[in-house]
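Chains as they are written, first to last, in this note's numbering: chain A, 36 to 242; chain B, 575 to 856. Cβ coordinates follow ideal geometry from the N, Cα and C atoms, glycine included. Computed from a prediction, not measured in an experiment: that's the story for all the values here.
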Amino acid sequence: MKTASHKIISLTGAAAIALLTAVPGQAQDARATAIAIMKRDFHAKGIAGMDRLDQDALQVVCTRSDNKPPKDIAVRLEKDQAESVKYPADGKLMGDWRAGEKIAQSGHGMTWKDKPGKPSGGGCYNCHRIGPKEISYGNVGPSLYRLGKTRGDGPEMQKYVYTKIYDSKATTLCSAMPRFGHSGALTEAQIKDLVALLLDPRSPVNQ
Amino acid sequence: MKRAFILGAAALLAAGMPLQYVLAQSGKSAENAAAAKSKQAAEFAQFHDELEQDNPAELFEMKGKELWQAKRGPKHASLERCDLGLGPGVVKGAYVQLPRYFADVGRVMDAERRIVYCMVTLQGFKKADLAKQPFSTPDRTPDPVSLVAYVAAKSRSVKSATPQNNAQEREAYAVGREIFNYRAGPYDFSCATCHGQMGKRIRRQDLPDLASKQQAINGYQGWPGYRLTGGLMHTLQWRMNDCFRQQRFPEPGYLSETITDLLTYLAVNANGHVYTGPGIKR
C-alpha cells in the first residue's frame, strides 16, 4: 500500500494524487482494510510470492478508477509503459507462426502450480478467437482472426502487435490483457512467434 | 446400482469432452465444428438434467449427515448443537443466510468456516489439521466438504437472504467488493477482469458477471457442487482458491477473512434466489 503510493507519486505527480484523494472516505477505509486483510491472509506458494499483492502505479490507478482512468493520467502512464517496451535488437519482429500457434494454445504459466524456469504459454485462446480451426476460444478480447489480412502486415502493424503483446497497457491503460513482455511471462522469441501467427500471410489466421 | 452407473457416466462425460476438441481440430470445417459444438452443448444439457435427477452430490449430503450426527473427535460429541446462525441445532435454512455475523466470536463467518469452528469447539478437532489438505482429491473428500453439502442441502427450496443487518456484515460486503476489484500480480488480473462483464467466456466456459444480480445468482447457485471435471465434490472455499490461482495471486488462507468477505459480496449480490441445493458443475 505504502510502496504503491510512493511509486504513483513519482510517476504521475499531482494529477494522480488528485485521483487518489477523490474517493469518498468510506470506500478508502474499505480499500485499506481489504489490502491489510489480504496481506495477512495470503501466503507465498511455489513461484507465486507475496510481492504479487503489491500494486504498481498502473494497477493502483486502474483499480481506483474502476478501469476508467482520467484521460490525462492515462496518457502519461501509457507513455511510461510504451517507453519500457524492449524491441528485438535485430529489428525483426516476426518469427515462426507454427510455434506461435502452440504458444497461443497453452494457458500454462505464472500460477503457483507452474514450475520455475518452465516457459509460459500465452493463453491467447482463453480470450481471443485466432485460428480458423480452434472453436474453443474465449471472447474477453476481440477476434484476431484475419488480423494481418484486414489490417496489413507492414512494419507499423508489426510494431503495434509486438507492443500490444509485450505491454498491452502501452496503448490501453486498463486493458484486461496481461503485459506478457513487461512481466516476463513471454520471451522475445515467443512474442515474435505470436506476431507471425497473427500477421504472417502464410499463417492460417490470414488464409 | 443406478448411482454407480450415473457416476460412471459422469466420469465418461468428463473424459469424453477433449475428444470433441480432437475431432474438431482434425480437418473439420469451422461450421461442422460449430454444429458439433451446439450438439455437444445439447448433449451436455441433457446429461446434466439426467444427472440432477440422481445427483451425485447426494452421496456427499448423506455422508455429511452421518458426520453431523455421529459422536466424534477428542470430545466425542456430535455437531447437533452447532449454531449456524439460526440458533443451536437449527440447520434448515441456515446455509442461504450465510455468511453472517456471529456474536460469540465477534466476526462474520461463511458456512464452511462456521462448520469447522463447530468441529473445533464442540468436537475438539484441531483447525490446523483440518486445514492441511482442505480440498477434495481423487482419494479423499475432507469431512468439512461433506458437512457443507449436508448443511447446504437443508436449504434446498429456501429463498436466499444473506443479511446486511449490522456494521460488521456491511463492512464484510464493502471489503469483499474491494478484494473483488483489486488488480495485481504479473497478469494485472482482478476477479472483475474475468467476472465483471456480461456474456464473456474463457475458452468455452461462460464467466458469470458476479457484480450483477442475475449472474451472481448463476455463479453462486449450485455450490457446493460435484464437478464433472475430475469427478470431485467441491465447496466455495475451493472455488475461490482455484480462481485466485488463475488470477496468478499467492494462495489465500483456507477459511480466511479474505474468503469470507468475498463470499459475503457474492452471496449478497445473489440474494433472493431460491436455492436448488448442491449441484453439478462441469
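request  = My understanding is that Y201(A) touches G216(A), with C-beta atoms under 8 Å, so please give their C-beta distance in whole angstroms.
outcome  = About 3 Å separates the two Cβ atoms, so the contact holds.
ask   = By the criterion of Cβ-Cβ separation under 7 Å, what are the contact partners of R66(A) in chain B?
value = E752
key: Same chain only: Cβ atoms within 6 Å of K666(B), ignoring 5 sequence neighbours per side   = K728
query = Any idea what DSSP makes of R646(B), helix, strand or coil?
reply = strand
message = Could you check whether the Cβ of I200(A) sits closer than 8 Å to any Cβ belonging to chain B?
response = no
ask   = Counting along the chain, where does the alpha helix (DSSP H) carrying D91(A) start and finish?
value = DSSP places D91(A) in no alpha helix (DSSP H); its state is neither H nor E.
inquiry  = Between which residues of its own chain and A109(A) is the CB-CB distance below 6 Å, once the five residues before and five after are set aside?
reply    = L208
Local conformation of M129(A) per DSSP, three classes = Coil at M129(A), not helix or strand.
task = Look up V682(B) in the DSSP assignment and give the residues it is bridged to.
result = Y675(B)
message = What ranges does the alpha helix (DSSP H) occupy inside the region 91 to 118 of chain A, keeping only unbroken runs of at least 4 residues that lie completely in it?
response = 92 to 99, 106 to 118
request  = Closer than 7 Å by beta-carbon distance: list the chain A residues that pair up with Y669(B), in chain order.
outcome  = Chain A residues near Y669(B): none, gap ~23 Å exceeds 7 Å.
Where V240(A) meets chain B, residues with beta-carbon distance less than 9 Å = Per Cβ cutoff of 9 Å: no residues; V240(A) is ~13 Å from chain B at best.
Beta carbon of L173(A) nearer than 8 Å to that of R775(B) = Here residue 173(A) turns out to be Gly, not Leu, going by the sequence shown. Between G173(A) and R775(B), the C-beta spacing is below 8 Å.
V848(B) burial status per 10 Å Cβ neighbour count (16 or more: buried) = exposed
query = Are the C-beta atoms of M73(A) and some chain B residue less than 8 Å apart?
reply = yes
query = Do S203(A) and R186(A) have their C-beta atoms closer together than 8 Å?
reply = no
message = Just verifying my parser: in three-state terms, what is the DSSP assignment at F634(B)?
response = helix
task = Just mark T146(A) as buried or exposed, buried being the case when its beta carbon has 16 or more other beta carbons within 10 Å.
result = buried
ask   = Apart from the five residues just before and just after V670(B), which ones in its own chain have a Cβ nearer than 8 Å to its Cβ?
value = S729, V732, K733, S734, A735, T736, Y849
query = What residues from chain A crowd round R687(B), counting only those whose CB sits closer than 8 Å?
reply = Neighbours of R687(B) on chain A: none; closest Cβ ~12 Å, over 8 Å.
query = For F823(B), which residues in chain A fall below 8 Å Cβ to Cβ?
reply = Contact note: F823(B) reaches chain A through F77, A83, R87, L88, using a C-beta cutoff of 8 Å and chain order.
query = Taking 8 Å as the CB-CB cut-off, is Q707(B) touching chain A?
reply = No, because no Cβ of chain A sits closer than 8 Å to the Cβ of Q707(B).
query = Can you tell me the Cα-Cα spacing of L179(A) and H163(A), whole angstroms?
reply = 6 Å
Counted within 10 angstroms of its Cβ, other Cβ atoms place A844(B) as buried (16 or more) or exposed = buried
query = Taking Cβ-Cβ distances shorter than 8 Å, what residues in chain A pair up with I776(B)?
reply = In chain order, N161, C162, G173, V175 make up the part of chain A whose C-beta sits under 8 Å from the C-beta of I776(B).
query = Starting from H808(B) and walking both ways along the beta strand (DSSP E), at which residues does that stretch end?
reply = 806 to 808
key: Opposing strand residues paired with A758(B) [DSSP bridges]   = F763(B)
ask   = So, helix, strand or coil for L802(B), using DSSP?
value = coil
query = Looking at chain B, which residues of the region 143 to 155 of chain A have a Cβ within less than 8 Å of any of its Cβ atoms?
reply = M145, T146, W147, K148
request  = Starting from the beta carbon of Q820(B), find every residue of chain A whose beta carbon is closer than 8 Å, and list them in chain order.
outcome  = T146
ask   = If you run the structure through DSSP and keep just helix, strand and coil, what is V848(B)?
value = strand
inquiry  = Strictly below 9 Å CB to CB, what residues from chain A border R757(B)?
reply    = Under the 9 Å cutoff, chain A gives Q90, L93, Q94, V95, C97, T98, N102, C209.
key: Outcome for G773(B) when other beta-carbon atoms lying within 10 angstroms are tallied against a minimum of 16   = exposed
query = Going by other Cβ atoms of all chains shown within 10 Å of its Cβ, with 16 needed for buried, is S119(A) buried or exposed?
reply = Counting Cβ neighbours within 10 Å, S119(A) comes out exposed, since fewer than 16 surround it.
request  = Check the Cβ-Cβ distances between D762(B) and every residue of chain A, and say whether any is below 8 Å.
outcome  = yes
query = Who are the near neighbours of M73(A) in its chain, counting only those whose CB is closer than 7 Å to its CB and skipping five residues on each side?
reply = Within the same chain, M73(A) has close Cβ partners L88.
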